[in-house]
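Peer 1: Take any residue in the sequence shown, note its place counting from 1, add 10, and you have its number in my numbering. Please read through the structure below; I'll follow up with questions.
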Amino acid sequence: METTVSSAAEADATPMEQASNILGQVSDYGWLIVDSLYLIVGGMVIIFLLHKLASVFLYPNLKNGRLVRVIFGTLYLLVLVITALLALKQIGFDVRVIAQISFITILIGAVVIFFLVPFLPKLPFMPGNMVEISGVMGTVDAISSFHTTIRKFDGTLVFLPNALVMASRISNFHYTPSRRIEMQFSVKPSSDLEYTKELLVRLLSDDERVLDDPSPPVVFIMSASASSVEMTAYCWVLNAHWLGAQSDLWLKIINSLKGETRVSLALSEQKIYLEQESETLPVHS
């Protein structure tokens, strides 16, 4: 009976002993884990700061920003690989062969990504991009193997087959940081045209959302007739401000023109000429 009890006690104690042994081994390598975390976090922070500096100073001056992104992606991966190799070396593994294979694999992968990825077929947008496809404008909600889901600005979802998407004209507004506003006016020919152009340019320039790059605000006379002179004003704003800025500029210009005596908006009109045929009277001899 005593033998049975002692055997049961030993069986119960075995898992506890195994757990304590595992904890002891983990504690022995705790310093290695902490050092590895320090190296990973420190390396990631340094590369992140360098990437931010590059995005501010290098990206605007480089025609191929993808090369810089591939380089920094490779650096991120190298930090992880070097940290893992150092940890394995501290444990006692011979990492010379593994290191050579790892570095060669990373370099080959970077070259493949840089040269081959642009040739892989893909949709020219991602979830979250604001696009216009086949007359449907909204935000890309999801992309599946069969269709693309677009959430319109009124909240409705539109499901477009990918075959139709690839065969349609696609406008992606996400990749354009700025967008041009085009405003058309019709003024009477009796208006002071030079003053009208200067007034419109001044009203556009006074809005802080209007940009000077890629082009400052400008007004052109597009056509003229006996009843009206057609003018078009152009200005650039950030893509996120496009709709709100366009609405506010229209309101500002309309309110400003109400009190102007030198500028008169032309009314849409159509002239109709009636011709009356003269009656032919019989000739008496």
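Backbone N, C-alpha and C define an ideal beta-carbon position, used for all residues, glycine too.
DSSP puts Glu240 in a beta bridge; with which residues?
Peer 2: Paired residues: Ser196, Ser233.
Peer 1: Output the residue ranges of the beta strand (DSSP E) runs that lie fully inside the stretch 46-115 and measure 3 residues or longer, sorted by chain position.
Peer 2: DSSP runs (the beta strand (DSSP E)) wholly in the stretch 46-115: none.
Peer 1: According to DSSP, is Ala152 part of a helix, a strand, or is it coil?
Peer 2: Of the three classes helix, strand and coil, the one that applies to Ala152 here is strand, per DSSP.
Peer 1: So, helix, strand or coil for Asn172, using DSSP?
Peer 2: Helix.
Peer 1: Can you check DSSP and say which residues form a bridge with Arg161?
Peer 2: The partner list for Arg161 (beta bridge, DSSP) reads Thr149, Leu167.
Peer 1: Answer yes if the stretch 217-225 comes into contact with the stretch 263-276, meaning at least three C-beta pairs across the two stretches below 8 angstroms, and no otherwise.
Peer 2: Because the criterion of three Cβ pairs below 8 angstroms is not met, the stretch 263-276 and the stretch 217-225 do not touch.
Peer 1: Can you give me the C-alpha to C-alpha distance between Leu59 and Ile50, rounded to a whole angstrom?
Peer 2: One C-alpha to the other measures close to 14 angstroms.
Peer 1: Ordered along the chain, which non-local residues of its own chain (more than five positions away) have a Cβ less than 6 angstroms from that of Phe183?
Peer 2: Closer than 6 angstroms at Cβ, skipping near neighbours: Met140, Asn249.
Peer 1: Give the secondary structure of Asn182 by DSSP, where H, G and I count as helix, E and B as strand, and everything else as coil.
Peer 2: Strand, per DSSP.
Peer 1: Measure from the alpha carbon of Gly119 to the alpha carbon of each residue in Val197, Val146, Gly83, then state which is nearest.
Peer 2: For the residues Val197, Val146, Gly83, the minimum Cα distance to Gly119 belongs to Gly83.
Peer 1: Among the residues of its own chain, which have a CB less than 6 angstroms from the CB of His61, if the five just before and after it don't count?
Peer 2: Within the same chain, His61 has close Cβ partners Phe82.
Peer 1: Comparing alpha-carbon positions, which option in Leu88, Arg79, Pro187, Glu192 lies nearest Gln256?
Peer 2: Nearest C-alpha to Gln256: Glu192.
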